[in-house]
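Visitor: The sequence shown lines up with residues 244 to 505 when you count with the numbering used here. A virtual CB, placed ideally from N, CA and C, is assigned to each residue, including glycine. Quantities reported herein were computed from a predicted structural model and do not represent experimental measurements. Quick one: the structure is below, and I'll ask about it shortly.
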Amino acid sequence: MHIIDSHCHVYPSAIASKAVKAVSDFYDGVGEFGDGLPSTIKERWLSKGVDHAIIFSVATRLAQVDSINTFIAKTVANGDGFFTGLGTVHQDCPDMGAVVDSVISLGLKGIKIHPDTQGCAIDDPRLFPLYEACAGRIPVLVHTGDKRYDFSNPDHMEPVLKMFPKTTFIGAHFSGWSVWDWATEALHGYDNLFVDTSSTFQWVEADKVRKYIRAYGSEKVMFGTDFPMWDIESELKNMLGLGLSEDEYENIFHRTAEHVFG
């Protein structure tokens, strides 16, 4: 079966260890924590039967946007077809349309934002030009959910889904890390929302994960590891342990991501 990992954070080798430590600290040390390098994903993921990965990084400062997007584009170009890349933006970008145009010209297939680490709510008006610029062009992958903060929970996601119906959004972590039930109940009916499975199995029992998948519909769900937080072997084991139908697995492992990212 064709398998795509739709959620991988990657970093240049010069800063990878520092970046991984920052992720670990942000999540209080919870995770398996790989090294954050694209080469690790390609080698290990291929050895476990995964043949494609969606990669990205997040700009926590405006000055990082161009360098991150260039790094992701170069990584894709040097990856022998293994990677699809997403760009990043920062809420203080003066011209979101120009950034989106640049991301597309670099061959990247979407935008990733992380409201909690970037300190900007999903429904902050500074991001509205981004959503407008992406409408009908490329999807926006959003880190969603964190009960410790008030940036990315469903009450911030839902208004944006309503305001920008022509923009495709992907809510990471079933659109509500640490607030899964709330997110699924509030958001499962939106046509412009897809979700991924990343960073869920470690907190949520299998019966509930199946419930989330079937609430959204497997055609709206894609598999993701949240590398470097979790390893491909454990995430595949968790996913395959759900006992889903062949059609559901085909959707989650590759069809949904192929539909969303092209």
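So the beta strand (DSSP E) Ser249 belongs to, where does it begin and stop?
Guide: Sequence index remark: in the sequence shown, residue 249 carries index 6 (1-based). Counting along the chain, the beta strand (DSSP E) containing Ser249 begins and ends at 247 to 252.
Visitor: Buried or exposed: which applies to Asp439, given that a residue is buried once 16 or more other Cβ atoms fall within 10 Å of its Cβ?
Guide: The count along the sequence shown starts at 1 and reaches residue 439 at position 196. Buried, by the Cβ-count rule.
Visitor: Tell me where the beta strand (DSSP E) around Leu384 begins and ends.
Guide: Taking the sequence shown and counting its residues from 1, the one referred to as residue 384 is at position 141. Here the beta strand (DSSP E) through Leu384 covers 383 to 385.
Visitor: Note down, in chain order, each residue of its chain lying with its Cβ closer than 7 Å to the Cβ of His497, except the 5 sequence neighbours on either side.
Guide: Sequence index remark: in the sequence shown, residue 497 carries index 254 (1-based). For His497, where only same-chain residues beyond five positions count, the Cβ hits under 7 Å are His245, Ile246, Ile247.
Visitor: When you compare each of Leu280, Gly379, Tyr433, Ala415 to Pro402 by their alpha carbons, which one comes out closest?
Guide: Counting from 1 along the sequence shown, the entry for residue 402 is found at position 159. Selected option, being the one with the closest Cα: Tyr433.
Visitor: Quick check: the Cα distance between Gly277 and Arg287, rounded to an integer number of angstroms?
Guide: Mapped onto the sequence shown, residue 277 falls at position 34. Mapped onto the sequence shown, residue 287 falls at position 44. If you take the alpha carbons of Gly277 and Arg287, they lie about 11 Å apart.
Visitor: Which whole-angstrom value describes the C-beta separation of Ser300 and Thr331, a residue pair presumed to lie in contact below a C-beta threshold of 8 Å?
Guide: Translated into positions along the sequence shown, residue 300 becomes position 57. Translated into positions along the sequence shown, residue 331 becomes position 88. Sure, about 6 Å apart at Cβ, within 8 Å.
Visitor: Whose C-beta lies closer than 8 Å to the C-beta of Ile298 among residues of the same chain, with five residues either side of it excluded?
Guide: Mapped onto the sequence shown, residue 298 falls at position 55. Cβ neighbours of Ile298 beyond the five flanking positions: Cys251, His252, Val253, Pro281, Ile284, Ile315, Thr318, Val319, Phe326, Thr327, Gly328, Leu329.
Visitor: Given a threshold of 16 other Cβ atoms within 10 Å of its Cβ, counted over all protein chains shown, does Ile258 qualify as buried or as exposed?
Guide: Along the sequence shown, one-based indexing puts residue 258 at 15. That one is exposed.
Visitor: Val266: which of Val447, Ile381, Asn494, Ser442 sits nearest, CA to CA?
Guide: Walking along the sequence shown from the start, residue 266 turns up at place 23. Nearest of Val447, Ile381, Asn494, Ser442 to Val266, Cα basis: Ser442.
Visitor: Using a Cβ-Cβ cutoff of less than 6 Å, which residues in the same chain neighbour Asp469 once the five nearest sequence positions on both sides are dropped?
Guide: For the purposes of this step, residue 469 is taken as residue 226 along the sequence shown, with counting starting at 1. Same-chain partners within the cutoff: His250, Ser441, Ser442.
Visitor: Please return the same chain residues whose Cβ sits closer than 8 Å to the Cβ of Ile495, not counting the five positions on each side in sequence.
Guide: Along the sequence shown, read from residue 1 onward, the residue named residue 495 stands at position 252. Closer than 8 Å at Cβ, skipping near neighbours: Thr440, Ile456, Ser461, Val464, Met465, Phe466, Met482, Leu487.
Visitor: Beta-carbon within less than 8 Å of Gly505's beta-carbon, same chain only, minus the 5 sequence neighbours each way: which residues are those?
Guide: In the sequence shown, counting from the first residue as 1, residue 505 sits at position 262. So the qualifying residues of the chain are Lys352.
Visitor: Tell me whether His431 sits in a helix, a strand or coil according to DSSP, three-state version.
Guide: By one-based count along the sequence shown, residue 431 stands at place 188. Note: His431 maps to coil in three-state DSSP.
Visitor: Tell whether a beta-carbon distance below 7 Å holds between Pro408 and Asn435.
Guide: Position 165 of the sequence shown, counted from the start, is the residue given in the question as residue 408. Position 192 of the sequence shown, counted from the start, is the residue given in the question as residue 435. Yes, they are a contact pair.
Visitor: Using only the alpha-carbon positions, how far apart do Ser418 and Thr499 sit?
Guide: Numbered from 1 along the sequence shown, position 175 holds the residue referred to as residue 418. Numbered from 1 along the sequence shown, position 256 holds the residue referred to as residue 499. Rounded to whole angstroms, Ser418 to Thr499 spans 15 Å at the Cα level.
Visitor: Please state if the CB of Ala449 and the CB of His431 are separated by a distance shorter than 7 Å.
Guide: Taking the sequence shown and counting its residues from 1, the one referred to as residue 431 is at position 188. Taking the sequence shown and counting its residues from 1, the one referred to as residue 449 is at position 206. Not a contact, by the Cβ cut-off of 7 Å.
Visitor: Just reading off the alpha helix (DSSP H) that Phe417 is part of, what are its end residues?
Guide: For the purposes of this step, residue 417 is identified with residue 174 of the sequence shown, where counting begins at 1. Per DSSP, Phe417 belongs to the alpha helix (DSSP H) from 415 to 418.
Visitor: Output yes if chain B places a C-beta closer than 7 Å to the C-beta of Tyr492; else output no.
Guide: Structure shown: chain B not included; a single protein chain is present.
Visitor: Taking the alpha-carbon of Val447 as reference, which of Leu479, His416, Asp359 has the nearest alpha-carbon?
Guide: Here residue 447 is taken as the residue at index 204 of the sequence shown, counted from 1. For Val447, the nearest C-alpha among the options comes from His416.
Visitor: What residue range is occupied by the uninterrupted beta strand (DSSP E) comprising Leu436?
Guide: Within the sequence shown, numbered from 1, the residue matching residue 436 stands at position 193. Segment 436 to 439, the beta strand (DSSP E) holding Leu436.
Visitor: Are Thr515 and Thr303 closer than 7 Å when you measure CB to CB?
Guide: Since the displayed the chain opens at 244 and closes at 505, residue 515 lies outside it and no answer follows.
Visitor: Could you tell me the distance, in whole angstroms, from the CA atom of Met406 to the CA atom of Asp268?
Guide: Within the sequence shown, numbered from 1, the residue matching residue 406 stands at position 163. Within the sequence shown, numbered from 1, the residue matching residue 268 stands at position 25. Cα to Cα, the separation comes out at about 34 Å.
Visitor: Taking Cβ positions, are Val343 and Cys377 nearer each other than 7 Å?
Guide: What you label residue 343 is simply residue 100 of the sequence shown in a count that begins at 1. What you label residue 377 is simply residue 134 of the sequence shown in a count that begins at 1. Going by C-beta atoms, Val343 is nearer than 7 Å to Cys377.
Visitor: Can you give the beta carbon distance from Val346 to Ile413, rounded, assuming they're within the 8 Å contact cut?
Guide: As a first step, residue 346 must be located in the sequence shown, where it is residue number 103. As a first step, residue 413 must be located in the sequence shown, where it is residue number 170. That belief does not hold up - the Cβ atoms of Val346 and Ile413 are roughly 15 Å apart, past 8 Å.
Visitor: Relative to the C-alpha of Asp424, which candidate in Gln445, Phe437, Pro397 has its C-alpha closest?
Guide: By one-based count along the sequence shown, residue 424 stands at place 181. When each option's Cα is compared against that of Asp424, the closest is Pro397.
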